[in-house]
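The structure appears below as structure tokens.
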Amino acid sequence: MTTILEVKGLAKSFHANTVLHDIDLDLQPGTTTAVVGSSGCGKTTLLRLIAGFEAPDDGTITIDGRQVASPESAVAPHRRGVGYVAQDGALFPHLTVGQNIGYGLRGTARGEVRARVSELLESVSLDASYASRRPHQLSGGQQQRVALARALARHPVLMLLDEPFSALDTGLRASTRKTVADLLTNAGVTTLLVTHDQEEAMSIADQVAVMRDGRFTQVGSPQQVYRHPIDRFTAEFLGDCISLPCTVASGVADCALGRIPVQGSTADGPATLVLRPEQLVATVVSDSERLDRVGTVIAADFLGHDVLLTIDPAGDTPPIIVRQHSLNPPPIDAKVRIEVLGNGVVLT
Amino acid sequence: MVAPPVSRPTAAVSRYDKTSRPGPLVTTTVAILVAATLIPLGYVAWAAVSVGWTRAYDLVVRPRVGELLFNTVALVVITVPLCVVVGVGVAWLVERTDLPGRGFWRPLFVAPLAVPAFVNSYAWVGVIPSLHGLWAGVLVSTLSYFPFMYLPVAATLRRLDPAVEESARALGSDSAGVFFRVVLPQLRLAILGGGLLIGVHLLAEFGAFAMLRFDTFTVAIFQQFQVTFDGAAGSMLAGVLVLLCLVLLVAEALARGRARFARIGSGVPRTATPIRLGRNMLPAQVGLAALTVFALGVPVWTILRWLWIGGADVWVLDDIASALGQTIGLATVAAALTTVLAFPVAWVAVRSSGVLARLVEGANYVTSSLPGIVTALALVTVTIHLARPLYQGVALIVFAYVLLFMPRALVNVRAGLAQVPPSLEEASRSLGSSPTATFLRVTLRLTAPAAAAGASLVFVAVATELTATLLLAPTGTRTLSMRFWSLSSELDYAAAAPYALVLVVLAIPVTLVLFRQSTKVAAL
């Protein structure tokens, strides 16, 4: 199988302000990759470079075996065979939904276009009667789906999605995300999506690339980047972290919560142990059970299905936050024992 | 005369620098246009240099120039503040109080723009034949130009966030305090913009003041031109006029400073609660009615009266038809050409941030403020010395119209282009359309309404233009305004009335366009 998108050593700067440094990225056929990072980190620029709206200063972009951009030459956007869905959908306001979807099908017979439009509308779960509506008569989620259908009409080898769900409100976002993810998977279109929403990235993608200040800090499967972050930024960007000072000896970290096995090979000596809050479980212990490592609950924040417990461990370790289900949580001032599930990650 | 506010330099979008760098065709067109807009200033500079220092000094420092300077400065200094008072007062009454019938009043105070100032003078001279001099000039120009103040101020008043005024109320200000301490400061930009526009019109107007026997620089330059044609005295007067104009521009720029008012916070502002006029209701109603009578009633009544007096005899139909035909022909060609040429300029202004964009805006800003007579004189001189065959040709007068009225098309086309998000063009590109196809299928299509509005503004401006037309029109040209002017100069007021009526009727639809634009919040 060939790589659909191959990005090598890509760099771009605007007015002496370097936005992307030495980006490498490969996309395998039929997979979805999410580039996630905070706003201004360069992820949209990466997408615009691949789409052809900007030209790189350095590095190459190869789509389906054809080099489309290098510092010397660039293929124009309309000759790249790439689908692009902008943040707000960018539907043409002067055309109907049907005309929007048929925009890229110039030169196709009229009847064929109509059939294709209906087919595409159906594939994004919209009734064929929507074809005669105007973009402003659609909800945000519907506009986004029409934009996707429009981009799919030309059978692109690569689909680029620029924060496609960020303009939608929370409820709509989850459902639209699901529809789009299923659709793209079924159509087998290789997709590159940029987002600032970690949860969105991990739920939709086969491969997640975490970006910071124009560089990828880590690229891997959602599980890999979440469970085994390679640096503190990646760890904290993808979710809450509990960091504890520890001493590592032969694959086991000794810290305030006990001896915890760590992932991978780590040099022995003092280090920082990183755990996810859901790895910790606090259970109430009776006063008689005077064991080691018993902490005191000093605050409990009720969040609906979860409760956040702030626990003061004995000794001079700072308080630890434990997130667990909210059924019968330990009361404040209760003595609890913290158990750790799974392995920890050691960062230096 | 109908005119949009003068365009002004703004910061351009800088993000899309590389892909949207203008191509050679656009760059060349724009560069030629910029060079052309510099002709009037170049002419004045050239004239000053070629006349020589001592002669120029003699021509400028003489009692006649002093008299003109006094008249012109007094006119501006009295009329502009009067327009501020009238324009802001009317806008505030209509937009912010419980005055009944605001839907009726709103368009009524834009309507005076449909009456060219020289028709207004003709109307007032018809009512009071002895009317002349400075105060006559102030009266007629205030009535003709206060809508230039009313329009932007009313639009700004509608946009102001009432929450700010409510906060001022809660902090202890009464109605008057809120107006002077909170509302008026926020209107500053609108007032300065409107004031500049009125000042520029006052400097440029010829017909209205000539009819009132009130000598301003423009009137004197025109008379000088008729006597000596390409004379040094005329060009020196033009030089002083250009200086006055630059003084206005600089004064406005200094007064404006770096002020930018933005509404802080998000969401759509609520409409303000109308202020109760109470006992002041009657005076307010009477004042607005009186203004309407003076600004609209007098011209309409005079035109109708002369038509009544003239009867069927004044309707020389083939003469009117030929004047109408020529006017529509010239105005259509000029409007179409100006709008087409406005596209590359607007494109550069909106989509790129280079030196060219700033140069375009700056050049346009200055030249658009120069009186038409300076542009006309410059073109006469340049063609006589450098391109004799063009002199008194149709091409030259159309070119003059393009220079004079480019900003009207540009303001609209630029606003239209700015409202086409680059993301739409990118979507089109990613769907396989080439840049040219994208321009035709998306950009042009979405900009069309704005371009049409711009073209119609240029159309009416050309149709009612008098000064440059009189100077540059080929022999035998008889436009509506030229016919009106020659008949009313012969004091044949009845025969001039049909032409005045046709001029006003031509301008009405475009005035409505202008009114609709200003009521749309996003416009301008």
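Each protein sequence line maps, in turn, to chains A and B. First residue of the first sequence? That's 33 in our numbering, and the numbers climb one at a time after it. First residue of the second sequence? That's 24 in our numbering, and the numbers climb one at a time after it. Using N, Cα and C, we set each Cβ at its ideal position, and we do this for glycine too. This structure is a prediction, so every number in the text was calculated from the model and none was measured.
| query | result |
| --- | --- |
| Any chain A beta carbon closer than 8 Å to ARG452(B) | yes |
| Chain A contact residues for ARG468(B), given Cβ-Cβ distances below 7 Å | HIS126 |
| Bridge partners - MET243(A), DSSP secondary structure assignment | PHE248(A) |
| Neighbourhood of ASP245(A) by C-beta, 7 Å cutoff - its chain only, sequence neighbours within 5 removed | CYS73 |
| Residue-level contact to chain B via CB, ALA288(A), 8 Å cutoff | no |
| Three-state class that DSSP yields for HIS155(B) in the structure shown | coil |
| Chain A within 8 Å of LEU48(B), Cβ atoms only | no |
| Partner residues on chain A for SER457(B), Cβ-Cβ distance less than 7 Å | HIS110 |
| Residue-chain proximity (SER375(B), chain A), Cβ-Cβ < 8 Å | no |
| Listed by chain order, chain B residues near TYR162(A) by CB distance under 7 Å | Here the premise fails: no neighbours, minimum Cβ distance about 18 Å. |
| Environment of LEU277(B) [buried if 16+ CB atoms lie within 10 Å] | exposed |
| Positions along the segment 417-448 of chain B whose CB lies within less than 8 Å of some CB in chain A | PRO444, SER446, LEU447 |
| Rounded separation between ALA137(B) and ALA530(B) - CA only | 5 Å |
| Bounding residues of the beta strand (DSSP E) (the contiguous stretch that carries LEU307(A)) | 301-307 |
| Inter-stretch contact (C-beta, 8 Å, three-pair minimum) for the segment 335-343 of chain B and the segment 518-532 of chain B | yes |
| Validate contact between the segment 207-218 of chain B and the segment 306-315 of chain B using beta carbons, cut 8 Å, 3 pairs | no |
| Residues that VAL465(B) contacts on chain A, provided the C-beta gap is smaller than 7 Å | PHE124 |
| Short CB-CB distance (under 8 Å) between ALA199(A) and chain B | no |
| Secondary structure of ASP81(B), DSSP reduced to three states | helix |
| Contact list for VAL114(A) against chain B, beta-carbon separation under 7 Å | SER453 |
| Reference VAL372(A); option with closest CA among LEU305(A), VAL221(A), MET243(A), PHE248(A) | LEU305(A) |
| Near-chain B residues of the segment 266-279 of chain A - C-beta to any C-beta below 8 Å | none |
| Cβ of ILE258(A) within 8 Å of any chain B Cβ | Here the sequence assigns Tyr to residue 258(A), which means Ile is not the residue at that position. Answer no: the Cβ-Cβ gap between TYR258(A) and chain B never drops below 8 Å. |
| Cutoff 8 Å: ALA530(B) Cβ touching any chain A Cβ | no |
| Proximal chain B residues relative to ARG186(A), where beta-carbon distance stays under 7 Å | LEU454, GLY455 |
| LEU467(B) and PHE240(B) closer than 8 Å at C-beta | no |
| Proximity to ALA399(B) [Cα-Cα], best of ALA58(B), THR50(B), LEU64(B), LEU537(B) | LEU64(B) |
| Spatial distance of GLY254(B) from LEU260(B) (CA atoms) | 10 Å |
| Proximal residues, the segment 167-186 of chain A versus chain B, C-beta separation under 9 Å | ALA179, ARG182, ALA183, ALA185, ARG186 |
| Cβ-based burial, ASP333(A) [other Cβ within 10 Å; buried from 16] | exposed |
| Cross-chain neighbours of ALA118(A) in chain B, by beta carbon under 8 Å | SER446, GLU449, ALA450 |
| Member of SER446(B), THR296(B), LEU537(B) whose CA lies at the smallest distance from the CA of PRO472(B) | LEU537(B) |
| Cβ distance (whole Å) where ASP56(A) is taken to contact GLY41(A) below 8 Å | 7 Å |
| Neighbourhood of GLY97(A) by C-beta, 7 Å cutoff - its chain only, sequence neighbours within 5 removed | THR34 |
| THR534(B) versus VAL133(B) - alpha carbon distance | 7 Å |
| Beta-carbon proximity check, MET191(A) vs THR217(A), cutoff 8 Å | no |
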